[in-house]
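In full-length UniProt numbering, the protein residues as written are 1 to 408.
We treat Cβ as the ideally placed atom computed from N, Cα and C, and that holds for glycine.
Bear in mind that the values here come from a model prediction, so they are computed numbers and not experimental data.
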């Protein structure tokens, strides 16, 4: 299982990449988030490093870090002794400082995950189904939270800072494609799933589009390197994605920016089609079913699909061509540094898909464009659930790296 990892890097940071701090007492909350964001990004930092990066006075940084340490959000590391002066003491995030729950509601399965302050998975539950039903989903969350919280100490349980839901918006519109009864899917139109779950929680509950949440997981937990602007594709039962601009997840006014599944691309017959109708894993399932092959393992065993046959080769060929056109089209609007591909699939399949995309892009006329580097995502199959967990983490502890469209 690929789990979330805190990003590490050099203490040097370009001023344009991090908001400068302020010494005004009224902005302490902003400065605390700034300190926590920097420590998360670099793994550990000394007070002198943070003062240099942010422009905050040494006294202000000292006060902030002392308070964060008293709140058990930061831990002292071993002193670093230099040749001159007092040794510097790096500070790192305390894994026990806060806990977050993420819920992914997908077309074929739901996942519930509990992570610590570093983004490490402490517990994960999965529930597979032919189609999502609101009541069944709420029951899964209720039972799952009871189990997860029962495994925590009372002190840990008090530090759960929120739950984030990652799910497709307007899920009811997918009744026909998901092969679900229309009356069951129509229940989603009239249910406020966030409010239903909030009624069971004594911490805030947030909601965001599932593919956008997966993009947020790559941003917060992944190893995005130096890329500050990237377009992100998550290939699940249906294809979707998200956009990161200047190191922040861009959701737009309705939270639906980066709805890449709806992007027009050439279809198998050469006529325009939506990306979702070509690159989604549901298309691979459909092809297997047409040959009489039972394909439930696509959803229950994403780490290993086993031997599939020519249908997988055909799907990779068509999906990569469609994704290549989507990447080139997106690059005509914004000159992204990278295009990141992740999904509910084995690593070997993801690698084949990325290689095929790179080859397909080479055949497309990109004159006048600066095309991005295409690479694999670093969070993996659980990116949507981890993205859900990143919503309360970002909202409560980090400099606005995500845009949450709806919250408690």
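> Excluding five sequence neighbours on each side, which residues of the same chain lie with their C-beta closer than 6 Å to the C-beta of residue 138?
Replying inline: Here residue 138 has 196 as same chain residues with Cβ atoms under 6 Å from its own Cβ, once five neighbours each way along the sequence are excluded.
> Ordered along the chain, which non-local residues of its own chain (more than five positions away) have a Cβ less than 6 Å from that of residue 160?
Replying inline: Excluding the 5 residues flanking it on each side, residue 160 has same chain C-beta neighbours closer than 6 Å at 99 and 203, in chain order.
>> Buried or exposed, going by whether 16 or more other CB atoms sit within 10 Å of the CB of residue 223?
In response: Exposed: under 16 other Cβ atoms inside 10 Å.
>> Only counting the same chain, and skipping five residues up and downstream in sequence, which positions put a Cβ closer than 7 Å to that of residue 37?
In response: Answer for residue 37: 398 and 399, listed in chain order.
> Using CA coordinates, which residue listed in 270, 287, 210 and 269 is at the minimum distance from residue 261?
Replying inline: Ranking the options by Cα distance to residue 261, first place goes to 210.
> Does the segment 383-397 come close enough to the segment 210-220 that 3 or more CB-CB pairs lie under 8 Å?
Replying inline: In this structure the segment 210-220 touches the segment 383-397; the number of beta carbon pairs closer than 8 Å is three or more.
> Is residue 280 near residue 238, with beta carbons less than 7 Å apart?
Replying inline: Going by C-beta atoms, residue 280 is nearer than 7 Å to residue 238.
>> Measuring straight from C-alpha to C-alpha, what distance separates residue 120 and residue 362?
In response: About 38 Å.
> By the 10 Å Cβ neighbour count, where 16 or more other Cβ atoms means buried, how is residue 212 classified, buried or exposed?
Replying inline: A buried status is given to residue 212, since no fewer than 16 other beta-carbon atoms sit within 10 Å of its beta-carbon.
> Residues in its own chain within less than 6 Å of residue 52 by CB, not counting five upstream and five downstream?
Replying inline: If you ignore the 5 residues before and after residue 52, its C-beta comes within less than 6 Å of no other C-beta in its own chain.
> Which residue comes first and which comes last in the beta strand (DSSP E) that contains residue 128?
Replying inline: Here the beta strand (DSSP E) through residue 128 covers 121-128.
>> Using the Cβ count rule (16 or more neighbours within 10 Å means buried), how would you classify residue 231?
In response: Classification for residue 231: buried.
> Of the choices 42, 283, 59 and 187, whose alpha-carbon is the least far from that of residue 118?
Replying inline: Per the Cα distances, 42.
> Using the C-alpha atoms, what's the distance from residue 163 back to residue 392?
Replying inline: Distance between the alpha carbons of residue 392 and residue 163 is about 6 Å.
>> Can you tell me where the alpha helix (DSSP H) holding residue 320 begins and where it ends?
In response: Taken as a continuous stretch (DSSP letters only), the alpha helix (DSSP H) holding residue 320 covers 310-331.
> Helix or strand or just coil, what does DSSP make of residue 292?
Replying inline: Taken through DSSP and simplified to helix, strand or coil, residue 292 comes out as coil.
>> Could you compute how far the alpha carbon of residue 69 sits from the alpha carbon of residue 282?
In response: Going by the C-alpha atoms only, they are around 48 Å apart.
>> Just verifying my parser: in three-state terms, what is the DSSP assignment at residue 388?
In response: Helix, per DSSP.
> To the nearest angstrom, how far is it from the Cα of residue 274 to the Cα of residue 128?
Replying inline: Distance between the alpha carbons of residue 274 and residue 128: 26 Å.
> For residue 217, which three-state DSSP category applies?
Replying inline: Taken through DSSP and simplified to helix, strand or coil, residue 217 comes out as helix.
> Straight-line CA distance for residue 63 to residue 88?
Replying inline: Straight-line measurement puts the Cα of residue 88 at about 16 Å from the Cα of residue 63.
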